[in-house]
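Report on the following structure.
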Amino acid sequence: MDYRETVHLPKTDFPMRAALSEREPAQVKAWEDEKVYEKLLAKNAAAEKFVFHDGPPYANGPIHQGHFLNKILKDLVVKYHLMAGRLGDFVPGWDCHGLPIERQVDKQLGAKKRELSVGEFRRACRKYAEEQIDLQRKDFKRLGILARWDHPYKTMDFRYEADIVRELSQFARRGALYRRKRPVHWCPVDVTALAEAEVEYADRTSPSIYVRFPVTAGGPQGWGLAIWTTTPWTIPANLAITANPELEYVAYDLPRHGVTVVARDLLHAFLAACAPDELSLPAEARGDDLLSAARATGATLRHPERIRRTLQGTELDGWKYRHPLVARESPVIMGAHATADAGTGLVHTAPGHGEDDFNMGVQYGLPIWAPVDGHGRFTGDVGIAGLEGLKVFDANPKVIELLAGAGVLLNAGGRAAQIRHSYPHCWRCKNPVIFRATDQWWIGLDIEIDLPGRGHTTIRKAALAAIDEIDAQGGWIPAWGKERIRSMVEGRPDWCVSRQRAWGVPIPVFYCARDHEPLVSAEAMDHVARIFDEEGADAWFDRTARDLLAPETRCAKCGGAEFEKETDILDVWFDSGSSFAAVLESGVWPTLRLPADLYLEGSDQHRGWFMSALMIGIGTRGQAPYRAVLTHGFLVDGEGRKMSKSLGNAPDPQGLLKKYGAELMRLWVAGSDYRDDIGFSNAIVETLSESYRKIRNTVRYCLSQLYDFDPQQDSISELQPIDRWALSRFERYRAAVIEAYDKYEFHKVYRATVELCAVDLSAFYFDVLKDRTYCSGKR
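Under the numbering used here, the final residue of the sequence shown carries the number 779; numbering is consecutive throughout.
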């Protein structure tokens with residue numbers, strides 16, 4: 001007897017096995033063939049807009065695990081708003097200019113590069129960027145991300161390049177764009193200036209030296225001033241010593257060197273480094289322990305009578321001293337950045353090699369001098385035998401040797417100590433950078449200008465006000481993002497926007513061929529932008545200066561009609577920061593508008609894209625280009641270490657997709673609290689796999705039981721109490737999920753879903769229903 005007709009057996013076409021890596025490519029292709037995304041947009045065409053703006057990834061190399069996290073988070077946001085009935089459009093973008101692409105093209109061309117014009121080299125860069133975009137787009141689609149993949153924005157599009165110039169012209173029109181020699185972070189390897197966002201800090205071992213500069217005027221003859229530095233190579237460029245007028249200093253008679261001035265609060269630490277026998281220290285204090293022991297309250301002077309005099313910082317003002325390596329007399333000046341936190345309280349000041357140094361140099365009328373070329377080598381201007389041609393870091397031992405030979409190296413034993421400290425490195429080549437004064441183009445953040453809706457103010461003040469306005473609407477997600485970007489805006493210098501490279505948008509400034517007077521004209525820039533609309537930025541390199549200017553253009557100083565072109569290009573952060581103008585405001589994508597409802601990137605973008613977009617938005621329109629900013633943390637492995645290729649702990653993205661499928665990668669992103677650093681390991685994915693199976697099996701079971709369900713015949717009022725409980729439980733779940741989605745708390749959606757499927761349904765409700773579902777007929 002066949003008993004199958006006597007029981008209600010489940011039926012469904014939903015596969016038993018997920019087989020994600022096998023089925024997903026066909027599913028993605030079906031979405032594309034059936035234009036699923038376009039249909040979603042059409043369905044919500046008349047609905048309220050939710051404007052998300054995609055920060056452009058760099059068009060260089062295959063996508064990595066960080067791209068998984070970033071793009072999937074964005075996809076979750078946009079899909080939620082589409083499913084909630086809003087018009088949310090995902091217009092992807094790519095950042096296409098810059099040094100990494102130049103490097104790759106250099107490698108491909110090899111010696112052939114020397115045969116190419118700048119225009120030809122740029123076209124090779126453009127071709128390479130297009131190839132990389134195609135590769136990345138294919139991988140992003142494989143992740144199940146729905147977007148306008150056939151209509152993205154690219155910073156190298158002709159119209160986009162023209163819009164970049166138009167944004168710059170607004171700074172020129174308001175008088176906020178200027179050229180000046182001042183120190184910048186400079187990469188000697190890549191031979192270019194770097195923006196703040198292009199510098200990363202890493203530990204580095206440097207020499208730590210104390211140097212005595214002999215007093216020549218203003219103070220007692222025979223006295224000296226002690227400074228401390230970890231960059232001995234900058235000593236040749238010393239033009240002043242800065243003291244703090246609020247600090248108290250002592251003149252200590254240092255054995256073998258004579259009376260030397262240091263800050264009172266740093267005397268013990270100074271002696272520990274230079275004359276430890278002058279201190280009574282714990283017997284166990286040796287080597288590296290000396291400094292910490294000297295700072296301890298138990299350390300005492302063996303010879304307090306060696307303090308010859310106590311001085312207020314103001315008493316040092318105007319003293320003169322002699323440079324120990326060159327015949328040059330320089331002044332003691334006053335500055336608040338000379339503190340008692342470390343060193344001697346007297347700061348070696350080289351205006352061409354530091355931001356504080358530069359500011360003091362301007363204040364006191366000192367030369368902004370840096371005898372170092374673009375490759376980081378000393379030039380003949382250094383004026384010290386044996387240094388010309390040496391790379392600055394290689395010159396440290398030579399400078400120390402010269403100081404010791406001059407009898408002014410104060411370190412104990414006459415040898416430099418070594419210090420491990422955080423030091424700026426180039427984010428591209430990972431090599432240490434230097435501060436070097438060069439002629440660069442800057443956007444002034446503290447210049448009083450008229451800003452739309454803000455009145456007469458500065459970009460910095462207006463940006464800080466905008467940050468607070470966003471915060472008042474709960475727009476910093478997580479909330480700590482506000483203080484992070486606020487502190488960066490408060491402390492950052494003017495924006496250096498020039499770069500000494502070829503692949504980028506040129507700075508459309510001209511110089512009179514006769515007297516080299518710069519033509520910084522918003523009208524000329526707008527004229528160039530109209531040419532770029534048709535020909536792209538390559539026109540700057542293909543046309544003559546005269547062909548790029550209106551016929552009536554003349555030099556304001558001499559009336560000359562012949563001009564030369566600026567050779568620098570714009571910082572690529574200006575490119576991407578202008579995206580709101582080139583994308584949201586362009587009208588090319590009618591679903592978008594300014595300001596965006598959301599920018600979403602990693603937390604490093606507070607000083608990158610979020611910052612550049614804010615500065616450009618404020619400087620041109622008086623408003624931020626975004627209403628809210630969501631940031632996610634960095635990827636770490638199972639041991640909490642940051643993922644990187646150099647550590648060998650970064651998984652192969654293609655291998656992950658082949659092993660686990662995109663759906664599990666999406667569940668990993670959704671299940672992680674992105675506000676902190678996000679862990680990834682095989683163990684984490686295996687745990688997620690189990691949760692995924694529970695969710696999938698629950699869905700499959702529901703489908704198999706509901707294949708013949710007719711809601712018209714089964715009203716809620718006729719349901720049994722256990723069924724009404726299940727519906728009530730689902731309503732609570734639905735409300736919690738919507739609330740979590742509205743707050744972008746996707747990990748709460750994941751946890752609520754796992755709990756519903758694994759606990760309330762599978763372990764309880766389905767178990768209770770077994771007899772009814774199999775033996776009580778369709779009802």
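Heads up, the beta-carbon is just placed ideally off N, CA and C, and yes, glycines get one too.
| request: Give me the Cα-Cα distance between Ala545 and Gln108, rounded to the nearest whole angstrom. | output: Cα to Cα, the separation comes out at about 31 Å.
| query | Candidates Ala342, Asp341, Asp439, Leu311: which alpha carbon is nearest Ala370's? | reply | Measuring from the Cα of Ala370, the nearest candidate turns out to be Asp439.
| Contact check, Ala193 vs Val184 under 8 Å by CB: the rounded distance? | The beta carbons of Ala193 and Val184 sit about 4 Å from each other, so the pair counts as a contact at 8 Å.
| Where Phe680 falls: helix, strand or coil (DSSP) | Here Phe680 sits in coil by DSSP.
| said: Is the beta carbon of Gly219 closer than 9 Å to that of Trp319? | reply: Less than 9 Å divides the Cβ of Trp319 from the Cβ of Gly219.
| task | For Thr260, count neighbouring C-beta atoms within 10 Å of its own C-beta (all shown protein chains included) and say buried if the count is 16 or more, exposed if not. | result | Counting Cβ neighbours within 10 Å, Thr260 comes out buried, since at least 16 surround it.
| alpha helix (DSSP H) runs contained entirely in the stretch 688-770, provided each spans 4 or more residues | Listed in chain order, the complete alpha helix (DSSP H) runs (minimum 4 residues) inside the stretch 688-770 are 721-742, 746-755.
| task | List the DSSP bridge partners of Pro183. | result | Pro183 is bridged by DSSP to Ala437.
| Taking the DSSP output, what are the residues bridged to Gln418? | Pro207.
| Taking C-beta to C-beta, are Tyr321 and Glu315 nearer than 9 Å? | Judged by their CB atoms, Tyr321 and Glu315 are not nearer to each other than the 9 Å cut-off.
| task | Look at the Cβ atom of Leu635, then the Cβ atom of Tyr599, and state whether they are nearer than 9 Å. | result | Contact: no.
| Taking the alpha-carbon positions, what's the Ala336 to Pro351 distance? | CA-CA distance, Ala336 to Pro351, rounds to 16 Å.
| Residue range of the unbroken beta strand (DSSP E) whose run includes Asp89 | Per DSSP, the unbroken beta strand (DSSP E) holding Asp89 starts and ends at 87-89.
| task | Figure out for me which residue from Asp676, Glu739, Ser681, Trp233 has the closest Cα to the Cα of Arg436. | result | Comparing Cα-Cα distances from Arg436 to each of Asp676, Glu739, Ser681, Trp233, the minimum goes to Trp233.
| message | Let me make sure I understand the geometry here. Which of Asp13, Asn70, Val77, Leu168 has the alpha-carbon closest to that of Trp573? | response | When only C-alpha atoms are compared, the closest one is Leu168.
| said: For Asn60, which residues in the same chain have their Cβ closer than 6 Å to its Cβ, ignoring the five residues on either side in sequence? | reply: The residues are Pro100, Ile101, Gln132.
| Which residues in the same chain as Gly383 place their Cβ atom closer than 7 Å to its Cβ, once the five residues preceding and following it in sequence are excluded? | Only Val326 meet the Cβ criterion.
| Buried versus exposed call for Leu620 [16 or more other C-beta atoms within 10 Å across all chains shown] | Per the sequence presented here, residue 620 reads as Thr, with Leu not at that position. With 16 or more other Cβ atoms within 10 Å, it is buried.
| Going by Cα to Cα distance, which pick from Thr242, Ile368, Glu388 is closest to Pro331? | For the set Thr242, Ile368, Glu388, the Cα lying nearest the Cα of Pro331 is the one of Thr242.
| task | Would you check if the distance between the CB atom of Ala263 and the CB atom of Asn244 is smaller than 9 Å? | result | Yes.
| field | Inter-residue Cα distance where the pair is Gly55 and Phe580 | value | Looking at the two C-alpha atoms, the distance is approximately 10 Å.
| request: Grab me the residues of Asn649's own chain with a C-beta within less than 7 Å of its C-beta, minus the 5 sequence neighbours each way, in chain order. | output: Correct list, in chain order: Asp637, Arg641, Met643.
| field | DSSP three-state assignment for Ile447, whether helix, strand or coil | value | Under the three-state reduction of DSSP, Ile447 is assigned to coil, being neither helix nor strand.
| query | So which of Met83, Leu570, Gly119 has the shortest CA-CA distance to Gly98? | reply | Cα-wise, what sits closest to Gly98 is Leu570.
| Strand pairing of Val564, partner residues [DSSP] | The sequence shown places Glu at residue 564, rather than the Val named in the question. Bridge pairing for Glu564: Tyr511 [DSSP].
| request: Can you give me the start and stop residues for the alpha helix (DSSP H) that Asp637 sits inside? | output: No alpha helix (DSSP H) holds Asp637; DSSP gives it neither H nor E.
| query | What do you get for Met360, buried or exposed, if any count of 16 or more other CB atoms within 10 angstroms of its CB means buried? | reply | In summary, Met360 is buried, with 16 or more beta-carbon neighbours lying within 10 Å of its beta-carbon over all protein chains present.
| message | By alpha-carbon positions, which one of Pro424, Arg174, Ala550 ends up nearest to Ala202? | response | Checked all of Pro424, Arg174, Ala550; the closest Cα to Ala202 is Pro424.
| Which of helix, strand or coil DSSP assigns to Ala662 | Residue state, collapsed to three classes: helix.
| Classification of Phe680 by the beta-carbon crowding that lies within 10 angstroms, buried from 16 upward | Buried, by the Cβ-count rule.
| field | Unbroken beta strand (DSSP E) run spanning Arg322, endpoints | value | Under the DSSP assignment, Arg322 falls in the beta strand (DSSP E) whose first and last residues are 320-322.
| request: Would you mind giving the Cβ-Cβ distance between Leu76 and Ala596, rounded to the nearest angstrom? I have them listed as a contact below 8 Å. | output: Wrong, their Cβ atoms sit about 17 Å apart, outside the cutoff.
| Do Lys74 and Phe52 have their C-beta atoms closer together than 9 Å? | Contact flag set, yes.
| task | Would you decide whether Phe709 is buried or exposed? Buried here means 16 or more other CB atoms lie within 10 Å of its CB. | result | Exposed.
| message | Closer than 8 Å is the cut-off here; do at least three beta carbon pairs connect the stretch 469-482 with the stretch 529-546? | response | Because the criterion of three Cβ pairs below 8 Å is not met, the stretch 469-482 and the stretch 529-546 do not touch.
| So, helix, strand or coil for Ile227, using DSSP? | Note: Ile227 maps to strand in three-state DSSP.
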